[in-house]
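Taking the UniProt record's numbering, the leading residue of the sequence shown gets 1, the next gets one more, and so forth. A short worksheet on the structure shown next.
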Amino acid sequence: MEYVEPVLGIANCLGTPAYKYLLYHRKLNDYVRNFKRTRDELNCKMEDIELQLKAELLRPLGKIPKKGVENWLKAVKEMIREAQVVENKVGNGRYLCRACNGKLVNEKTREMKEFLDNAPNASEGLTMDGPIAGLLLPTSELDGEEAVRNEIWACLMQEEVSKIGVWGMGGVGKTTIMKHIHNDILKQHRFERVIWVTISKEFNVMKVQDNIASALKAKEYLDKEEDKLRRAAILSEMLKNAGKHVLILDDVWDKVSLEEVGIPEPSGSTGCKLVLTTRSEHVCKYMGCKVIKVKPLLEDEALILFLNKVGPNIVQSPTIMPTLKLVVKECAGLPLTIVVVAGTMKGEYNPRILKNALKDLKERIGKVEGVEAEVIERLKFSFDHLKDEKVKDCFLYCALYPEDYEIHKVELIECWIAEIFIDEMDTRQEMEDEGLTILKRLEDNCLLENNTTQFGLHGIKMHDAVREMALLITRMNPRYMVQAGLQLEELPKKEKWSPDIEKASLMCNYISEISIDVLPTKCQLLTTLLLQENPIKKISISFFTNMPCLSVLNLSSTKVKSLPNSISELKKFTTMLLRGCRELRDLPCLSMFQELKKLDLCWTKIEEVPEGMDLLIKLRYLDLEVFTLKEIPAGLLPKLVHLQHLSFDVDNEKTSLKAEEMEPLKKLEYFTGRFEEFGELNKFISSMQQSKKNLIKYSLHVGSYSMGCERGKSVSIVLEKNSSNNEQQRA
Numbered sequence: 001m002e003y004v005e006p007v008l009g010i011a012n013c014l015g016t017p018a019y020k021y022l023l024y025h026r027k028l029n030d031y032v033r034n035f036k037r038t039r040d041e042l043n044c045k046m047e048d049i050e051l052q053l054k055a056e057l058l059r060p061l062g063k064i065p066k067k068g069v070e071n072w073l074k075a076v077k078e079m080i081r082e083a084q085v086v087e088n089k090v091g092n093g094r095y096l097c098r099a100c101n102g103k104l105v106n107e108k109t110r111e112m113k114e115f116l117d118n119a120p121n122a123s124e125g126l127t128m129d130g131p132i133a134g135l136l137l138p139t140s141e142l143d144g145e146e147a148v149r150n151e152i153w154a155c156l157m158q159e160e161v162s163k164i165g166v167w168g169m170g171g172v173g174k175t176t177i178m179k180h181i182h183n184d185i186l187k188q189h190r191f192e193r194v195i196w197v198t199i200s201k202e203f204n205v206m207k208v209q210d211n212i213a214s215a216l217k218a219k220e221y222l223d224k225e226e227d228k229l230r231r232a233a234i235l236s237e238m239l240k241n242a243g244k245h246v247l248i249l250d251d252v253w254d255k256v257s258l259e260e261v262g263i264p265e266p267s268g269s270t271g272c273k274l275v276l277t278t279r280s281e282h283v284c285k286y287m288g289c290k291v292i293k294v295k296p297l298l299e300d301e302a303l304i305l306f307l308n309k310v311g312p313n314i315v316q317s318p319t320i321m322p323t324l325k326l327v328v329k330e331c332a333g334l335p336l337t338i339v340v341v342a343g344t345m346k347g348e349y350n351p352r353i354l355k356n357a358l359k360d361l362k363e364r365i366g367k368v369e370g371v372e373a374e375v376i377e378r379l380k381f382s383f384d385h386l387k388d389e390k391v392k393d394c395f396l397y398c399a400l401y402p403e404d405y406e407i408h409k410v411e412l413i414e415c416w417i418a419e420i421f422i423d424e425m426d427t428r429q430e431m432e433d434e435g436l437t438i439l440k441r442l443e444d445n446c447l448l449e450n451n452t453t454q455f456g457l458h459g460i461k462m463h464d465a466v467r468e469m470a471l472l473i474t475r476m477n478p479r480y481m482v483q484a485g486l487q488l489e490e491l492p493k494k495e496k497w498s499p500d501i502e503k504a505s506l507m508c509n510y511i512s513e514i515s516i517d518v519l520p521t522k523c524q525l526l527t528t529l530l531l532q533e534n535p536i537k538k539i540s541i542s543f544f545t546n547m548p549c550l551s552v553l554n555l556s557s558t559k560v561k562s563l564p565n566s567i568s569e570l571k572k573f574t575t576m577l578l579r580g581c582r583e584l585r586d587l588p589c590l591s592m593f594q595e596l597k598k599l600d601l602c603w604t605k606i607e608e609v610p611e612g613m614d615l616l617i618k619l620r621y622l623d624l625e626v627f628t629l630k631e632i633p634a635g636l637l638p639k640l641v642h643l644q645h646l647s648f649d650v651d652n653e654k655t656s657l658k659a660e661e662m663e664p665l666k667k668l669e670y671f672t673g674r675f676e677e678f679g680e681l682n683k684f685i686s687s688m689q690q691s692k693k694n695l696i697k698y699s700l701h702v703g704s705y706s707m708g709c710e711r712g713k714s715v716s717i718v719l720e721k722n723s724s725n726n727e728q729q730r731a
C-alpha cells in the first residue's frame, strides 16, 4: 500500500510528455533552490513594502494603504503560507515522488514570480489620504450645561490655551459634554483630527499608547514593540505628524506623565490641544490645564431633564407633579442620578407609591456622608426598585467586566443564558428574546448605556459611578470577587479567595501562569471563573481540584496550549469557552462532562475533535470554526440531537458535511457549515423542510458557492418548489 500513492502520482505526471517528467525528476534539486530563492525574494519584497507603509503612515495626516496594496500584501502572505506547505511536502517526499514534486515546486515558483512582477511600486504611491478625521461618538441629548459647553468651546478656539481640564463630581455630565464637543469639532472641521481615549482608574501606559495609536489607525506599529520608551518615541512621532488635532483624555483619575505616554506637549505654535476630564481639580492644576468646572444642573434644568426621561404621560397628572419636583431636588442636579431615578419611576402614576419612593430616597441619602456616597445611594435606589431578582442578577453580572469595557450585547446575553439567569426555554431564540427584554429594562432604567455606533456595533457600557454602585453591592454580598482589568500578574493570594465566592472575574489582566503556590483551597461554592484576555500559558495540574461546583469557565484569548487533567473532575461543568486560544492544540477527554451545554473552540489549533465529544448529549452550543481540524468523525453529529447552534470553518474542506449526518439535528437554529457538493446541500434543505426545522440564521457553503440568511435579509441562492413538491436549489 505504501507504493500506491507514488505510483498514482507518477501516472498523473505521465499525462505530460515523457521528457518533462524526466526533467522534473532529474532537476528537482535545482527547482527547489530556485523555489527557495524566489520565496525569499518575495518575502523580502513584502517586508520592504510594509516598512515603506510604516514610514508613510508616520508622516502625513490620515494616510491609509491603497486597496490594491492591502490586497497584494494579504495575497502574498497566503502565497508564502502555501509555499511552506509545498516545502514541507517536498521535504517529506519519497524518491518515486520526485517528478511530481518537481512539477509542484516549479508551478509554485512561477506563481511567486508573478506576484513579484505585480508588486506595488513605491514611486506610484502606496498610500492615500484617509477619508475622515475621526468618528462621531454615540451620545445622549444634552439638557442644560450650555454655559460650560460654550466655555470649553471658547477655550478650544483660543490659540493661547493648549491644555484644558474639565472637572466635576461623578455623574455630573463631563463625558457627555465632551462627546458633544468632540462631534461638533468634527462637524465644523476646526481641526484636522479629533482623538478620543478613555483612561480607566487603573492607569496603564501601554494601553493608553495602544488606544491613541488605534485612533491614528497605526496600532500595528506599536504591537511588535515592548519597550515603553521606544513606544513613547514612536507615538510621539505619530502625533507630531498628525496635523492640527485635539486629544481628549476622558476620565483621568490621577496625574498623567505626557512624556511617559509619548504625547508631545501641546502649544499654540502647533495648534494642537489636550483636553482631559477628571473628578479632581488638583489633577487639572498639576498638569497645567485651564481649569473648567462642570457644576450640577440648575433647578429648572434638572426638572426639564427629569420630565423628559420620566415620560409625557406621567407629567400630565397634576396631582403627582409636586412629588416629582421633590424627587428631582433629591437628585442634587446630577444628570446621571436624574435620568436613573427618572427611569425607575417611568410609568408609575400612583401618588402614594411615588411619595413612598421619595421617602425611601431621602432616608437613604440621610444615612450616608459625603457627596460621592450620596451619588451611590441614589443609584442604589434605582437598583433596589428593579424588584425582579433575575434582572438584578443580570445587572450585577455586568460589574464582572473591567471599567469602561464595551460589552457586546450578544456575548452578554449568551453569558446570562450560561449562568441560568434566563430560564431554559424550547428554543434559543426565545431565550435571546428574553435577554433582549432584560437589556431593554436596564437601559430604560439608565443603569446600562446603549453604545451602539453608527456602524451598527451593538454594545452596552456601565457608567463609572453605576459600576461603583454595583461593585459596592457585590462587596456587601461576598458571592462576587471582581479583579478585572487591574494589571494583575498573578492570581490573588489564597487568603483573598473567600469560601463564599460564587463568581470570580480575573479577565483582562497580565496573568501568564497559574502556579501551585497561589491556588485557592476553599472554593467549594465557585460556579463561574472568568480568566479571558490574559496571556496565560500554563495552568497548574491541580488547579481545578478544589472547585467541585464550577460550571462556567472562560479561558478565551489566552495562550494555553493544553488544559490540566484536573479539569476532568468538574462534574457540574456546563460551559467551556476557549475561543481565540490560538496555541491550544488538544483537550483532555470530555466524556466526564455529562452536563456540558456550551463548548466554544473557535480559532483554536486543535486538529482532532476531542475524545468523548460524542457523549455530550446535553450540548446545545458547539463552535468548531477551526481551520486546523482534520475531520468530523462519522456518527458524531447525529448523537448531539439537542444542538441549537453549530459552526464549522467554511474554508476548511476537510470538515465538509454530509446531509444524513445533519438530519437528526431537529432543534438547530443557527448553523454555519460547508457541504462538499450541491447534491448534499439539496438533501439537507429537503430534510430541513420535511422536519419543519427553522434555521433563523445560517451560512452554507458549497464548493466556491455560499448562501447566508438572517431574518429580514436576502439570500444569494433561491429555493423554489417544482411541480413534484421537492425543494430545488437554484443559484
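We put the CB at the ideal spot given by N, CA and C, even for glycine.
Exercise for the section: Would you check if there are 3 or more beta carbon pairs closer than 8 Å linking the segment 330-348 to the segment 302-317? Expected result: yes
Practice task
Assign M84 to buried or exposed, taking buried as 16 or more other Cβ atoms, counted over all protein chains shown, within 10 Å of its Cβ.
Solution key: Looking at the sequence provided, one finds Gln at residue 84 rather than Met. The residue in question, Q84, is exposed, as its Cβ has fewer than 16 Cβ neighbours within 10 Å.
Practice task
Starting from the Cα of C394, find the closest Cα among L258, A418, V283 and give me that residue.
Solution key: A418
Handout entry: Per-residue burial, residue 732 [other beta carbons within 10 Å of its own, 16 or more giving buried]
Key = The first residue shown for the chain is 1 and the last is 731, placing residue 732 beyond what the model contains.
Practice task
Please go through the same chain and pick out, in chain order, the residues whose beta-carbon is closer than 6 Å to the beta-carbon of R378, but skip the five residues on each side of it.
Solution key: T337
Exercise for the section: Could you tell me the distance, in whole angstroms, from the CA atom of K559 to the CA atom of I501? Expected result: 26 Å
Exercise for the section: Could you tell me if Y670 is buried or exposed, where buried requires 16 or more neighbouring beta carbons within 10 angstroms of its beta carbon? Expected result: buried
Problem - Residues bridged to W167 (per DSSP) - result: T278, K293
Problem - CA-to-CA distance, C549 to L525, given in whole angstroms - result: 6 Å
Handout entry: Alpha-carbon spacing of V327 relative to L361, whole angstroms
Key = 8 Å
Handout entry: Counterpart residues of E513 in DSSP-defined beta bridges
Key = K538
Handout entry: Nearest to E151 (by Cα), restricted to the options V166, D254, E160
Key = V166
Handout entry: Cut-off 7 Å between Cβ atoms - residues of its own chain near P264, not counting five sequence neighbours on either side
Key = S236, L239, K240
Handout entry: Beta-carbon proximity of E179 to E403, cut-off 9 Å
Key = Sequence check: residue 179 is Lys here, not Glu. The answer is no: Cβ separation not under 9 Å.
Handout entry: Bridge-paired residues (DSSP) for R193
Key = H245
Exercise for the section: Pick out the complete alpha helix (DSSP H) segments inside the segment 205-277, 4 residues or longer, and give them in chain order. Expected result: 205-215, 220-223, 228-240, 258-261
Problem - Test item: CB-CB of L249 and V275 under 9 Å - result: yes
Problem - Residue interval of the alpha helix (DSSP H) (run including S505) - result: Per DSSP, S505 belongs to no alpha helix (DSSP H); it is in the beta strand (DSSP E), 503-505.
Problem - Alpha-carbon spacing of P65 relative to V194, whole angstroms - result: 21 Å
Exercise for the section: Since I believe A215 is in contact with L222 (beta carbons under 8 Å), could you give me their beta-carbon distance rounded to a whole number of angstroms? Expected result: That belief does not hold up - the Cβ atoms of L222 and A215 are roughly 12 Å apart, past 8 Å.
Practice task
Quick one: which unbroken beta strand (DSSP E) runs of 3-plus residues sit fully inside the segment 529-585? Chain order, please.
Solution key: 552-554, 575-577
Exercise for the section: Return the first residue and the last residue of the beta strand (DSSP E) that M481 is part of. Expected result: 480-482
Practice task
Taking only the alpha-carbon atoms, compute the straight-line gap between N445 and H385 and give it to the nearest angstrom.
Solution key: 10 Å
Practice task
Return the chain-ordered ranges of every beta strand (DSSP E) run that is complete within the segment 656-707 and spans a minimum of 3 residues.
Solution key: 670-675, 697-702
Exercise for the section: Apply the 10 Å Cβ neighbour rule to L396 and answer buried if 16 or more other Cβ atoms are within range, or exposed otherwise. Expected result: buried
Exercise for the section: Kindly give me the distance between the Cβ atoms of L530 and N554, rounded to whole angstroms, as I take these residues to be in contact under 8 Å. Expected result: 5 Å
Problem - Cβ pair residue 736, I511 closer than 9 Å - result: Because residue 736 is not part of the residues shown, which for the chain are 1 to 731, the question remains open.
Problem - Beta-ladder partner(s) of Y621, from DSSP - result: K598, H645
Practice task
Can you have a look at D649 and say buried or exposed, based on whether 16 or more other CB atoms are within 10 angstroms of its CB?
Solution key: buried
Handout entry: Through-space distance from E70 to N121, alpha-carbon basis
Key = 13 Å
Problem - 4-residue-minimum alpha helix (DSSP H) runs that sit fully inside the UniProt domain "Disease resistance protein winged helix" (400-470), ordered along the chain - result: 409-418, 428-444
Problem - Whole-angstrom distance between G262 and A233, CA atom to CA atom - result: 6 Å
Problem - Length of the line joining the Cα atoms of E301 and K329 - result: 11 Å
Practice task
Leaving out five residues on either side along the sequence, give the residues of the same chain with a beta carbon under 6 Å from the beta carbon of T628.
Solution key: K605, E607
Problem - Residues of its chain near Y349, where Cβ-Cβ distance is below 8 Å and the 5 sequence neighbours each way are ignored - result: N313, I314, S317, I320
Problem - Straight-line Cα distance separating R620 from residue 746 - result: Lying before the first or after the last residue shown, residue 746 is absent from the chain, which here runs from 1 to 731.
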